[in-house]
Amino acid sequence: MRTFGVTPRTNKGFTLVELIIGIVVLSLSVVMLAVLIFPQAQRSAEPLLQTRAAGLGQALLNEIMSKSFDENSDRSSGIERCSVEAAAPPCTLPANLGDDGEVRSDFNDVDDYRGLTSSSTNLTDVFGADIAARYNGFDYEIQVSYYDPNSGADQANITRYKLITITITTSLGQNFEFSAVRGNF
Numbered sequence: 008m009r010t011f012g013v014t015p016r017t018n019k020g021f022t023l024v025e026l027i028i029g030i031v032v033l034s035l036s037v038v039m040l041a042v043l044i045f046p047q048a049q050r051s052a053e054p055l056l057q058t059r060a061a062g063l064g065q066a067l068l069n070e071i072m073s074k075s076f077d078e079n080s081d082r083s084s085g086i087e088r089c090s091v092e093a094a095a096p097p098c099t100l101p102a103n104l105g106d107d108g109e110v111r112s113d114f115n116d117v118d119d120y121r122g123l124t125s126s127s128t129n130l131t132d133v134f135g136a137d138i139a140a141r142y143n144g145f146d147y148e149i150q151v152s153y154y155d156p157n158s159g160a161d162q163a164n165i166t167r168y169k170l171i172t173i174t175i176t177t178s179l180g181q182n183f184e185f186s187a188v189r190g191n192f
């Protein structure tokens, strides 16, 4: 027996409404990934870069702090030091701080490092070994000035302290500042 007008309907695909809903859900998912997840990938490198910046800053501070306070200080026994007193040799004037025409391997006092900069293409350690591959994209700048513990940096007067400030710039453009005070003793 045949029945007319009633035929079983078979599903053979998606309707237009189902396709539009699927596209909207997929686009919202992609937007969520782009806004929330993908930026985290860049920030995941930050702790590594911060650790490397700290290592480079500490290495530079160790190198500088191992040097004599001033060009006119005694390097052999440390008994004689420069001073503003008449009996002692005078300390370097604030306007004359900086290297004395030496190369880095010959730096012998703290203020020789004043104005020393290095970019990622020519980073070297104290022995002149190339460390650019380890610190790819890093730069540094070193500043040295006389320092008064009561008032801060003192560019105009000789004091018993020098402030050493190292600014490390990572490949992401982050600046990290490391400071130390070297006393004249």
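Taking this note's numbering, the leading residue of the sequence shown gets 8, the next gets one more, and so forth.
We put the beta carbon where it would ideally sit given N, CA and C, even for glycine.
As the structure is a computational prediction, the values presented were derived from the model and not from experiment.
Looking at the structure shown, is residue i part of a helix, part of a strand, or coil, going by DSSP?
i	result
Asp132	coil
Thr193	The structure shown does not extend to residue 193, since the chain is modelled only from 8 to 192, so the question has no answer here.
Ala137	The amino acid at residue 137 is misidentified as Ala; the sequence shows Asp. Note: Asp137 maps to strand in three-state DSSP.
Thr58	helix
Ala66	helix
Arg50	helix
Asp77	coil
Asn103	helix
Val110	coil
Ile213	No information on residue 213 is available, as it lies outside the stretch 8 to 192 that the chain covers here.
Report buried or exposed for residue i, applying the criterion of at least 16 other Cβ atoms within 10 angstroms of its Cβ.
i	result
Ala60	buried
Leu63	buried
Val38	exposed
Ile173	buried
Lys169	buried
Phe114	buried
Assuming the contact rule is C-beta atoms closer than 8 Å, residue i and residue j should be a hit. Round their C-beta distance to whole Å, please.
i	j	result
Phe145	Asp116	In fact, because the Cβ distance is near 25 Å, the residues do not count as touching under 8 Å.
Ile171	Ala187	5 Å
Thr128	Ile138	Actually they are not in contact, since the Cβ atoms of Thr128 and Ile138 sit about 12 Å apart, beyond 8 Å.
Gly190	Arg167	6 Å
Given this structure, state the Cα-to-Cα distance separating residue i from residue j, to the nearest angstrom.
i	j	result
Ala41	Gln47	10 Å
Glu184	Ile175	6 Å
Cys98	Pro54	41 Å
Ala66	Asn182	17 Å
Tyr147	Ser126	7 Å
Leu104	Thr177	27 Å
Gly108	Phe192	25 Å
Ser51	Ser73	35 Å
Val133	Leu33	56 Å
Asp118	Ala160	14 Å
Leu43	Gly29	21 Å
Are the beta-carbon atoms belonging to residue i and residue j less than 7 Å from one another?
i	j	result
Tyr120	Ile71	yes
Pro96	Asn69	no
Tyr154	Pro101	no
Leu179	Ile149	no
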